[in-house]
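Heads up, the sequence shown is in our numbering, so the first residue is 7 and it goes up one at a time. Glycine is no exception: its CB is placed at the ideal position from the N, C-alpha and C atoms. Below is one structure; the comments refer to it alone.
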Amino acid sequence: MTVAGPGAYLLLEDGTRFDGEGAGALAAGEPAAGARGESSDPAAGATGEVVFNTAMSGYQESVTDPSYRGQIIIFTYPLVGNYGVSRSARESGSVQTPAVVMREGIDRADAAGAEGGWLSWLAAEGIPALTGVDTRALVRHIRDRGAMRGGVFPAAVPHEAAAARIEAEPPMAGRDLAREVSPPQPVILDPDAPGPRVVALDTGIKSSIIEQLRLRDVRLELHTCASSPEDVLARDPDMVFLANGPGDPAALDRVVDTVRGLVGKVPVFGICLGHQLLCRAVGLETFKLPFGHRGANHPVKDLATGRIDITSQNHGFAVLGPGGERTVDGDEPVRWETDFGVAELSHLNLYDRTVEGLILRDVPGATVQYHPEAGPGPRDARYLFDRFLSMAVA
């Protein structure tokens, strides 16, 4: 059922406001806010970069994905919460997004497989939510103006106080969020598995990625993103895996330096943020997309085979083409000259023709920008785990 709460609103940094009803933590009662609306109480609302996700399902996977750290998610699908929540749908140990915005939030706990209701779960997790919003108009605004800072607030928070909190929110460009989601100590999984040893630099790895790797019998190790090249090589890896994660890749120079110290010494495979980090490590540049790619229906062409996969995506930055261009004309595997030899375009986004993957031709390494693990999303690209594990040291 739909749970209507007290009045609440979304305010964007350009001053645009969208009103609705509070849900989740905003339905808990009056906020305990200070004079300027500042509070650690989730009932007082939350701020972050406002982005949208076009997937028709997977709402619990999305909000627990560490890549959404610091981002308020607008769900474009009109009904969110239809099939409840469950432990198996979590992509990390906690909710990562500061707030969510919906056209209509549903608190249905009696769906098949449900272990609780969506809105009740958000409230228990302390996550402010806004329902009853014209999300079509809101998403059109974000598409026209680009992703921007904003906040979800109860009606009791004055407009001026909300605007001050949004102004204090750091912009996503230049922001290092990976350190907030990276493990403090190494996690060693399946040390006696028969497959290759894969050492992952954990910048916010999703549970479904871990699952896909473990299904392939790898000896998986998750290491902090502050690891040095010496730390990684001391583990004698057969392959290094660069995970997804939040924030701006250009703010992660220390991780890029580590990756740079590994390229050419061991096969390196990256997805999402890991794709961007490997590209920066070999000397390529990244840029911020106007509103990013977040959804489960992005067509990507594999230039080697001509195969088109429908992919799950969640990223706000992309890699520049060989001439510094933001999009690539034509479907040819264009090449970059990098600090480690030739890099060749392997995958292309057919929506906006941005770079979706590359392969290093002179040293073992490859990337994809999207999420082949499909958590959530179509499973078209799961074969990529097998393709890249075949690069592991024999």
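Going by C-alpha distance, which of the options is nearest residue i?
i	options	result
Gly280	Lys212, Asp308 and Ile314	Lys212
Gly138	Trp127, Gly123, Ile112 and Glu131	Ile112
Phe433	Cys285, Val325 and Cys231	The question about residue 433 has no answer here: the residues shown for the chain are numbered 7 through 400.
Gly51	Arg93, Arg114, Pro134 and Glu67	Pro134
Pro384	Ala117, Val306, Leu85 and Leu395	Val306
Ala120	Leu395, Thr103, Asp358 and Gly87	Gly87
Pro243	Arg260, Leu258, Gly270 and Asn250	Gly270
Gly278	Gly329, Thr209, Asp308 and Arg260	Just to set this straight, residue 278 is Cys in the shown sequence, not Gly. If we check each option's Cα against that of Cys278, Thr209 comes out closest.
Val288	His304, Thr264, Leu309 and Asn303	Thr264
Arg222	Ala199, His165, Cys231 and Arg332	Ala199
Pro378	Leu268, Ser126 and Tyr389	Tyr389
Pro48	Ser63, Ile79 and Ala105	Ala105
I need the straight-line Cα distance from residue i to residue j, nearest angstrom please.
i	j	result
Ala38	Gln319	Residue confidence is low: Ala38 scores 38 on pLDDT, short of 50, so the model does not pin down where it sits. No coordinate-derived value is stated.
Gly298	Leu18	17 Å
Phe275	Leu283	10 Å
Arg266	Arg313	31 Å
Gly172	Arg181	At residue 172 the sequence reads Ile, which differs from the Gly that was named. C-alpha separation (whole angstroms): 16 Å.
Arg185	Ser233	11 Å
Leu219	Glu67	18 Å
Pro296	Asn59	14 Å
Met245	Asp237	14 Å
Leu239	Ser100	31 Å
Thr311	Val91	38 Å
Leu290	Val340	14 Å
Pro132	Ser73	The displayed chain sequence assigns Gly, not Pro, to residue 132. Rounded to whole angstroms, Gly132 to Ser73 spans 19 Å at the Cα level.
Trp124	Tyr89	8 Å
His147	Asp25	15 Å
Val399	Val348	21 Å
Ala95	Glu110	21 Å
Val158	Thr103	12 Å
Ala170	Trp342	44 Å
Gly201	Pro12	54 Å
Glu36	Val163	Residue placement at Glu36 is flagged as unreliable, the pLDDT there being 46, under the threshold of 50; a coordinate-derived value is accordingly withheld.
Tyr376	His321	8 Å
Please report the Cβ distance between residue i and residue j, rounded to the nearest whole angstrom; I am assuming they are in contact, meaning their Cβ atoms lie under 8 Å.
i	j	result
Asp254	Ala174	The pair is not a contact, with the Cβ atoms about 18 Å apart (cut-off 8 Å).
Thr53	Arg155	7 Å
Val361	Ala324	6 Å
Glu217	Pro192	Not a contact, Cβ separation roughly 19 Å.
Val196	Arg149	Checking the sequence shown, residue 196 turns out to be Asp, not Val. Actually they do not touch by this definition, with Cβ atoms about 43 Å apart.
Met397	Pro235	Wrong, their Cβ atoms sit about 19 Å apart, outside the cutoff.
Is the beta carbon of residue i less than 8 Å from the beta carbon of residue j?
i	j	result
Arg23	Leu16	yes
Val334	Leu351	yes
Pro252	Gly76	yes
Ala14	Pro160	yes
Thr70	Ser98	yes
Leu326	Phe293	yes
Ala387	Asp337	no
Ala372	Phe391	no
Ala129	Gly30	yes
Ala206	Ala167	no
Ala61	Gly301	yes
Pro382	Ser63	yes
Is any beta-carbon of chain C found at less than 8 Å from that of residue i?
i	result
Arg155	Given the protein chain composition of this structure (a single chain), no chain C is represented.
DSSP has residue i in a bridge; who is on the other side?
i	result
His353	Asp308 and Gly363
Pro134	Gly30
Trp342	Ala349
Ile402	What the structure shows of the chain is the stretch from 7 to 400, and residue 402 is not part of that stretch, so it cannot be assessed.
Lys212	DSSP output for Lys212 lists no bridge partner at all.
Ser100	In the DSSP output, where bridge partners are listed per residue, Ser100 has none listed.
Gln319	Gly301
Please confirm whether any heavy atom of the ligand HEM lies closer than 7 Å to the CB of residue i.
i	result
His147	Looking at this structure, you won't find the ligand HEM or any other ligand, since it has none at all.
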